[in-house]
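Have a look at the structure below before the remarks.
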Amino acid sequence: MRDHVPDHVDDILAQWHRERPDLDVVPMGLLGRLFLVAQTADASLTAELARFHLQPGWFDLCAALRRAGPPYE
Numbered sequence: 007m008r009d010h011v012p013d014h015v016d017d018i019l020a021q022w023h024r025e026r027p028d029l030d031v032v033p034m035g036l037l038g039r040l041f042l043v044a045q046t047a048d049a050s051l052t053a054e055l056a057r058f059h060l061q062p063g064w065f066d067l068c069a070a071l072r073r074a075g076p077p078y079e
């Protein structure tokens, strides 16, 4: 297991712990980090699709049509 490198989610959790030590903030940390991962993935996907002049919604539409098979309607 790697050593934990503190991030801004840790700062937020520490602030909550300082103000409300009675709260279980573990779920907040998990959701905060999942949100960061989702933002990073979305930005990466958007940048990659832009190389092909596509937007994420357009890619979803094209992929659905391709999966439908001929005549791709």
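Quick note: the sequence shown uses the working numbering, first residue 7, plus one each step. Built from N, CA and C at the ideal position, the CB exists for glycine as well. Remember, it's a predicted structure, so these values are computed and weren't measured experimentally.
### Task
Would you list, in sequence order, the uninterrupted alpha helix (DSSP H) runs of no fewer than 4 residues that lie entirely inside the stretch 16 to 68?
32 to 56
### Query
Just to confirm, are residue 22 and residue 11 a CB contact at a threshold of 8 Å?
Numbered from its first residue, the sequence shown carries residue 22 at position 16. Numbered from its first residue, the sequence shown carries residue 11 at position 5. Cβ atoms of residue 22 and residue 11: not closer than 8 Å.
### Query
Alpha carbon to alpha carbon, how far is residue 69 from residue 56?
The residue given as residue 69 occupies position 63 in the sequence shown. The residue given as residue 56 occupies position 50 in the sequence shown. Each residue's alpha carbon lies about 16 Å from the other.
### Query
Does DSSP put residue 14 in a helix, in a strand, or in coil?
Position 8 of the sequence shown, counting from 1, holds the residue named residue 14. Correct three-state label for residue 14: helix.
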